[in-house]
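Following: one structure in structure tokens, then a few remarks.
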Amino acid sequence: MRTEHTFRAKIRALTDGAATGLAVLATVLVVAPLVAIFVYLVYRGAVSLNWAFFTRNPVPVGESGGGMANSIVGSAILLGVGSLIGIPIGIAGGVFLAEFGRGTKLANAIRFTADVLNGVPSIVMGIAVYSLVVVPQGHFSAFSGGVALGIMMIPTVCRTTEEMLLMVPNAVREAALALGVPNWRSVLAITVRTASAGIITGCMLAFARVAGETAPLIFTAFGNVGWSEKLSEPIAALPMQIWVYATSPYDEWHRLAWAGALVLIVLIVLAVSLVRYVTSRGVLKGAS
Amino acid sequence: MGVGIEVANLNAWYGSNHALQEINLNIPANHATALIGPSGCGKSTFVRCLNRMHETDPIARVTGTVLIGDLDIYKDITPVEIRRRVGMVFQRPNPFPTMSIYDNVAAGLKLNGYSSRHVLDEIVERSLKNSALWDEVKDDLKKKSGASLSGGQQQRLCIARALAVDPEVLLMDEPASALDPVSTAKIEDLIFQLKAKYTIVIVTHNMQQAARVAENTGFFLNGRMVEFDLTHKIFTNPSDKRTEDYITGRFG
Amino acid sequence: MTRIRFQQRLDDLKEQLLVMAGLTEQAVQRAIEAYRERDLSICDLVNRGEIEINLLERNIDQAALDLLAMEQPMAGDLRFILSVIKINAELERVGNAAKTISDRTRNMERMAVAELPINIPKMATLASEMVRKSLQSFIEADAEAARAVLTMDDAVDAMNKSAFKSLIKVMEEQSHLAPQALNALMISRALERVADHATNIAEDVIFWVQGDDVRHHKSLNIVQEQQDKGGTTAT
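Chains as they are written, first to last, in this note's numbering: chain A, 653 to 940; chain B, 628 to 879; chain C, 14 to 248.
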């Protein structure tokens, strides 16, 4: 019946419209808090941004013109050390899980451990590294802070690497082996290279996550009002500094905290984008 | 130049599955030999025994001898080394997706230590010419990725990649089954030309293709080789009734 | 069983060929009867039958061509279709021979009856028996029965040669009987050709069933012998 078709078609169109509307609404609901946060940060923090903020270290209460230069540099150093520790170990673990240990009990144990490690509260991580590194060394240090961040990066990097490697089709591996390439070389030069985009994303995820961690740094990096000369000295970090300022009773410090939060987010976004840009320049036309 | 292959008492297992039973076969040098048979008959397993690729499966096991030239490939040589002499082209084209055309063809050489730019350039060009792909890609060698080519071109790229390491034998596992008739015809013409330099073993479930390119044909059934003879004999007057039933499409 | 439709088409082709065979056998029988009875009405029947035979020949060839193009036949199927095409041609020529006999008979009917020293009916019986047996071997795919037909050809050849000699003698010594003798000679030749066609059909059956090409074995053997002796062979 033609009338029936038209009726059904109308119902279908309405349902389609409703579903689309719901999808859009859901997206807005998810994105809105993100946008709100960012807008609010700009609103509260941008006003305190000036040259001094990026070049001067913190000054005592009452004085003006202080900045967070050492925290910014300190975060960079801590993240650098953490990445140097966490990324290689994580990738190696992921490669083992996907390429060499598939199905073995050891692989299952490693995967389980990584998942547990992922769930450890960051404060507990800080305390653990305090006992393992700070206490034997006898002092707080940038190194111990890096270790804490690094360990926290491992599970994410490891699992993502494994997932990305598993997504490489077996046909690619076979193609390499059939050329008379030894297995280890095939894994490194072909499989890992094929999955490299995804692996880098995993590293970025881990990086972005630990960039904002404060709790593990409290008992390890400890913080610093001035510059740190060596890795064995305590060091300032942006998230920690924000926390100290935000929980203080001083308005001036509150303003600095807002600015710091804004800078933190912007720096993380910049870092991730930079890595994306640099790695995408090497990608060829047509490769997925 | 290609070499002949002698297979004696070859048996292969995947775990407890006796996939190949007492295969005896002589594949002549510089000829194309086709292996036909229904799905699961063991022809792909057999071919993978010729370059020890079946060993990539941890539960695989083999007994018997395979002589390629005068080399016992299970005793005199490692799997990695035999695969440099016995190249393989797979059913679905599988170029390395993140590499350029040039890098794809050169992959076998680069990963085995060759690095002289001059030598690589020469070998890449020669291999692409031998696989009838040079004219289509010579301007985009380093700009286009292997995966951006059409299906037929990708398969010829894989052939070029296999030829670049200068093997003596080329194994082709249903090389044209994923391709359209025009690409298939190009690949078949290619096989004709390649015969002069290499020994070719081609697994195919397309009997007309076997008839078109191969001098000899072997019919596999349930892990055994039922009949091995000149192609024209197999297709006009086979000796075994099972071969006849398969070829005429009368099963059951 | 797979390829049922293909098998059906092969069976249909066989059926068509058997109809063709029946028509040609009937044509030969009628032609000989027309000769024996000197009955022109039967000659007319033969002429009409000839048209039908020719039409059927074209249809069979077309059907065979289609099968080759569309079904990619192999091995036994391929040999079968090839044999059908060849047997088809042979049968059509048998039909032509029957028409020749009928035409000669029509010609002789105007002439006086002559006692000629040949036995056309006996030759005819032998020749049509050969045709029948070769077609029987086709129906039953019996290579041995086909080989038996090959041996019968010599008898008909001998009869034709002797008829040739006798009729030439008649034409020399009783020249008023020359027209009848000439016609009888042509009929004898036609029957000898029928026997040859039956032989060819038998050879085609052997090729289909066994994959053996047994044609021209006599002349090929002679060539082989000469080659073995080391002499040059004239090509």
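Glycine included, C-beta positions come from ideal geometry on N, C-alpha and C.
Contact with chain E by residue i, beta-carbon distance below 8 Å
{"i": "Ala-830(A)", "result": "Chain labels in this structure do not include chain E; the protein chains are A, B and C."}
Environment of residue i [buried if 16+ CB atoms lie within 10 Å]
{"i": "Pro-740(A)", "result": "exposed"}
{"i": "Thr-15(C)", "result": "exposed"}
{"i": "Ser-772(B)", "result": "buried"}
{"i": "Gly-732(A)", "result": "exposed"}
{"i": "Trp-910(A)", "result": "buried"}
{"i": "Asn-651(B)", "result": "exposed"}
{"i": "Tyr-873(B)", "result": "buried"}
{"i": "Thr-248(C)", "result": "Residue placement at Thr-248(C) is poorly supported in this model, since its pLDDT is 46, which falls under 50; the coordinates are not used for a value here."}
{"i": "Thr-246(C)", "result": "Confidence at Thr-246(C) is low in this model, with a pLDDT of 46, below 50, so its placement is unreliable and the value that follows should be read with caution. With fewer than 16 Cβ atoms within 10 Å of its Cβ, Thr-246(C) is classed as exposed."}
{"i": "Arg-51(C)", "result": "exposed"}
{"i": "Leu-674(A)", "result": "exposed"}
{"i": "Asp-816(B)", "result": "exposed"}
{"i": "Asp-800(B)", "result": "buried"}
{"i": "Gln-187(C)", "result": "exposed"}
{"i": "His-657(A)", "result": "exposed"}
{"i": "Ala-671(A)", "result": "exposed"}
{"i": "Leu-817(A)", "result": "buried"}
{"i": "Met-121(C)", "result": "buried"}
Of the listed residues the options, nearest to residue i (C-alpha basis)
{"i": "Phe-723(B)", "options": "Asn-822(A), Glu-865(A), Gly-875(A), Ile-852(A)", "result": "Asn-822(A)"}
{"i": "Gly-735(B)", "options": "Glu-752(B), Ser-727(B), Asp-703(B), Arg-788(B)", "result": "Arg-788(B)"}
{"i": "Arg-206(C)", "options": "Val-169(C), Glu-216(C), Ile-235(C)", "result": "Val-169(C)"}
{"i": "Lys-182(C)", "options": "Phe-151(C), Ala-171(C), Leu-195(C)", "result": "Leu-195(C)"}
{"i": "Ile-860(A)", "options": "Gly-802(A), Glu-815(A), Leu-840(A), Ile-920(A)", "result": "It should be noted that the sequence gives Ala, not Ile, for residue 860(A). Nearest of Gly-802(A), Glu-815(A), Leu-840(A), Ile-920(A) to Ala-860(A), Cα basis: Ile-920(A)."}
{"i": "Gln-789(A)", "options": "Thr-853(A), Ala-873(A), Trp-836(A)", "result": "Ala-873(A)"}
{"i": "Val-877(A)", "options": "Pro-712(A), Thr-672(A), Val-683(A)", "result": "Pro-712(A)"}
{"i": "Ala-849(A)", "options": "Thr-756(A), Gly-697(A), Thr-813(A)", "result": "Thr-813(A)"}
{"i": "His-832(B)", "options": "His-859(B), Gly-845(B), Tyr-825(B)", "result": "Gly-845(B)"}
{"i": "Pro-134(C)", "options": "Leu-190(C), Phe-19(C), Arg-43(C)", "result": "Arg-43(C)"}
{"i": "Gly-854(A)", "options": "Gly-746(A), Ser-774(A), Asn-709(A)", "result": "Gly-746(A)"}
{"i": "Ala-646(B)", "options": "Leu-637(B), Glu-763(B), Ala-791(B)", "result": "Leu-637(B)"}
{"i": "Leu-36(C)", "options": "Ser-141(C), Phe-19(C), Arg-18(C)", "result": "Ser-141(C)"}
{"i": "Met-852(B)", "options": "Pro-655(B), Thr-660(B), Cys-668(B), His-658(B)", "result": "Cys-668(B)"}
{"i": "Ile-73(C)", "options": "Cys-56(C), Lys-99(C), Leu-91(C), Met-83(C)", "result": "Lys-99(C)"}
{"i": "Phe-220(C)", "options": "Phe-19(C), Met-33(C), Val-97(C), Val-32(C)", "result": "Val-97(C)"}
{"i": "Ala-791(B)", "options": "Asn-849(B), Gly-714(B), Glu-763(B), Leu-776(B)", "result": "Gly-714(B)"}
{"i": "Asp-116(C)", "options": "Gln-149(C), Glu-65(C), Ile-152(C), Gln-193(C)", "result": "Gln-193(C)"}
{"i": "Met-184(C)", "options": "Glu-128(C), Glu-153(C), Tyr-48(C), Asn-234(C)", "result": "Glu-128(C)"}
{"i": "Arg-160(C)", "options": "Ala-211(C), Met-121(C), Glu-122(C)", "result": "Ala-211(C)"}
{"i": "Glu-649(B)", "options": "His-658(B), Asn-657(B), Val-634(B), Tyr-641(B)", "result": "Val-634(B)"}
{"i": "Asp-767(B)", "options": "Asn-757(B), Leu-797(B), Gly-778(B), Ser-727(B)", "result": "Ser-727(B)"}
{"i": "Glu-573(B)", "options": "Ala-830(A), Ala-750(A), Val-915(A)", "result": "As shown, chain B starts at 628 and ends at 879. That puts residue 573(B) outside it, with no answer to give."}
Inter-residue CB distance, residue i and residue j (contact presumed, cutoff 8 Å)
{"i": "Ala-40(C)", "j": "Gly-62(C)", "result": "5 Å"}
{"i": "Phe-706(A)", "j": "Gly-719(A)", "result": "6 Å"}
{"i": "Met-834(B)", "j": "Ile-663(B)", "result": "6 Å"}
{"i": "Pro-655(B)", "j": "Asn-843(B)", "result": "7 Å"}
{"i": "Ser-925(A)", "j": "Glu-865(A)", "result": "21 Å between Cβ atoms; not a contact."}
{"i": "Ser-727(A)", "j": "Ala-863(A)", "result": "7 Å"}
{"i": "Arg-933(A)", "j": "Thr-725(B)", "result": "Not quite, the Cβ-Cβ distance comes to about 14 Å (not below 8 Å), so this is no contact."}
{"i": "Leu-784(B)", "j": "Asn-731(B)", "result": "6 Å"}
{"i": "Phe-673(B)", "j": "Phe-847(B)", "result": "7 Å"}
{"i": "Lys-670(B)", "j": "Val-830(B)", "result": "5 Å"}
{"i": "Phe-151(C)", "j": "Glu-84(C)", "result": "Their Cβ separation, rounded to whole angstroms, is 21 Å, which puts Phe-151(C) and Glu-84(C) out of contact at 8 Å."}
Near the ligand MG: residue i beta-carbon under 7 Å from a heavy atom
{"i": "Asp-116(C)", "result": "Here there are no bound small molecules, and the ligand MG is not part of this structure."}
Output needed in chain order: residues of the region 679-693 of chain B with a Cβ under 7 Å from some Cβ in chain A. Going along the region 679-693 of chain B in chain order, one finds Met-680, Thr-683 with a Cβ nearer than 7 Å to chain A.
Would you call the region 77-85 of chain C in contact with the region 185-202 of chain C, where contact means no fewer than 3 C-beta pairs closer than 8 Å? A contact is defined here as three or more CB-CB pairs under 8 Å, and the region 77-85 of chain C fails this definition with respect to the region 185-202 of chain C.
Does the contact criterion of 3 or more C-beta pairs under 8 Å hold for the region 736-756 of chain B versus the region 684-704 of chain B? Not touching, per the Cβ criterion.
For the region 824-855 of chain B, which residues have a beta carbon sitting closer than 9 Å to at least one beta carbon of chain C? Residues passing the 9 Å Cβ filter: Met-834, Gln-835, Ala-838.
Positions along the region 83-114 of chain C whose CB lies within less than 8 Å of some CB in chain B: Of all residues in the region 83-114 of chain C, Gln-85, Pro-86, Met-87, Ala-88, Gly-89, Asp-90, Leu-91, Arg-92 have a Cβ within less than 8 Å of some Cβ in chain B.
Got a sec: which bits of the region 14-26 of chain C sit with their beta carbon under 9 Å from any beta carbon on chain B, in order along the chain? Going along the region 14-26 of chain C in chain order, one finds Met-14, Thr-15, Arg-16, Phe-19, Gln-20 with a Cβ nearer than 9 Å to chain B.
When you check each C-beta in the region 205-231 of chain C against every C-beta of chain B, which residues fall closer than 9 Å? Considering only beta carbons, the part of the region 205-231 of chain C lying closer than 9 Å to chain B consists of Gln-223, Gly-224, Asp-225, in chain order.
How about the region 831-841 of chain A and the region 764-774 of chain A: do they share at least three Cβ pairs that are nearer than 8 Å? Contact between the region 831-841 of chain A and the region 764-774 of chain A is absent: fewer than 3 CB-CB pairs across the two stretches fall below 8 Å.
What residues in the region 831-842 of chain A have a beta carbon less than 8 Å from any beta carbon of chain B? So the close ones are Leu-831, Gly-832, Val-833, Pro-834, Arg-837, Ser-838, Ala-841, Ile-842.
Below 8 Å between beta carbons is the criterion; list the residues of the region 748-763 of chain B that meet it against any residue of chain A, in chain order. Of all residues in the region 748-763 of chain B, none has a Cβ within less than 8 Å of some Cβ in chain A.
Three or more C-beta pairs under 8 Å: does that hold for the region 675-688 of chain B against the region 709-719 of chain B? Of all C-beta pairs linking the region 675-688 of chain B to the region 709-719 of chain B, three or more are shorter than 8 Å, placing the two stretches in contact.
Chain A contacts from the region 665-677 of chain B (Cβ-Cβ distance under 7 Å): The residues in question: there are none.
If contact means a Cβ-Cβ distance below 7 Å, which residues of the region 791-824 of chain A contact chain B? Among the residues of the region 791-824 of chain A, those with a Cβ less than 7 Å away from any Cβ of chain B are Ala-823, Val-824, in the order of the chain.
Is there contact between the region 776-796 of chain A and the region 885-893 of chain A, where contact requires at least three CB pairs shorter than 8 Å? Verdict: yes, contact present.
Members of the region 696-713 of chain B near chain A, C-beta cut-off 7 Å: Shown in chain order are the members of the region 696-713 of chain B whose Cβ falls below 7 Å from a Cβ of chain A: Val-707, Glu-708, Arg-710, Arg-711.
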